[in-house]
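Below is one structure; the comments refer to it alone.
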Amino acid sequence: MHGISQQSVSKIAYNVGEALAKKAHLFINMPTTREDQQETITGFRSICNFPSVIGAIDCTHIRVKRVGGDMSEAYVNRKGYYSINVQVVCDSNLKIRDIVARWRGIAHDSRVFNKSTIKERFERGDFHGRLLGDIGYACTAYLFTPLLNPSNDKEEAYNRAHIRTRNTVERCFGLWKQRFRCLLRGMSM
């Protein structure tokens, strides 16, 4: 940008980010009415006939530039780079329905979920469906994970349907990072 200092650009970007964050709840929200939940369940069921799915959940690491200070090593993830671990729940249309973006890279996916509001809401019974997650999560009545060692055709069919249906969150991450390339390069904190 010609004629504008880096400091001004950074301040503008920060202010825009703050303004968007204040409005996020208007656009990023889980379906709350029975009708909206049923519509979401129907969308997931059309993928591979997996019943009662209201969201696909996973975490992704967003690179950050080297973090200084005493806690800097807590931002280094298991792959060895600085990141924040961002949890997303998306629907079958790849729309982000819930997001948690405040955990350091060292945090495990299950810890992020266990401390999240979305877990509290499922435990309270706010939703009439379940989430699909990978093996990084504990299997519960409201969060189904793949079977580690399927022993028969039905269990293998369950895993295939689970993987194909849950893949929506992986596709969501891919599109998100493609659209916002800064998520791949690393962001300043």
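Going by the working numbering, the letters in the sequence shown line up with residues 3 to 191, in that order.
Ideal placement from N, C-alpha and C gives every residue a C-beta, glycine not left out.
If you're wondering where the values come from, they're calculated on a predicted model, not measured in any experiment.
- Annotation: CYS141 is outside any alpha helix (DSSP H) and is labelled neither H nor E by DSSP.
- Distances from the CA of ALA109 to each of ARG126, GLU157, LYS24 and GLU75 were compared; the closest alpha carbon is that of GLU75.
- Under DSSP, SER118 forms no beta bridge with any residue.
- Sorting SER10, LYS121 and LYS156 by C-alpha distance to the C-alpha of TYR139 places LYS121 at the top.
- Note on the region 66-120: whole beta strand (DSSP E) runs with a minimum of 3 residues are 85-92 and 98-106, in chain order.
- Under the three-state reduction of DSSP, THR44 is assigned to helix.
- Rounded to the nearest angstrom, the gap between the Cα atoms of LYS117 and LYS156 is 33 angstroms.
- Of the other Cβ atoms in all chains shown, fewer than 16 fall within 10 Å of the Cβ of VAL18; this residue is therefore exposed.
- Your pair ARG126 and GLY57 does not check out as a contact, with CB atoms roughly 16 angstroms apart and the cut at 8 angstroms.
- The beta carbons of VAL114 and ASN87 sit about 6 angstroms from each other, so the pair counts as a contact at 8 angstroms.
- According to the DSSP assignment, ARG183 belongs to no alpha helix (DSSP H), since it is labelled neither H nor E.
- Scanning its chain for C-beta atoms nearer than 7 angstroms, with the 5 sequence neighbours on each side dropped, one finds around ARG132 the residues SER54, VAL55, ILE56, TYR144, LEU145 and PHE146, in chain order.
- Judged by pairs of C-beta atoms under 8 angstroms, the region 171-185 does not touch the region 77-86, as fewer than three such pairs exist.
- CA-CA distance, LYS13 to ALA23, rounds to 15 angstroms.
- For ALA103, the closest of ARG168, SER85, GLY5 and LYS97 by C-alpha to C-alpha distance is SER85.
- Residue range 132-134 is occupied by the beta strand (DSSP E) that includes LEU133.
- CYS184 counts as exposed, since fewer than 16 other C-beta atoms from the protein chains shown sit within 10 angstroms of its C-beta.
- In the structure shown, the three-state DSSP call for ASP60 is strand.
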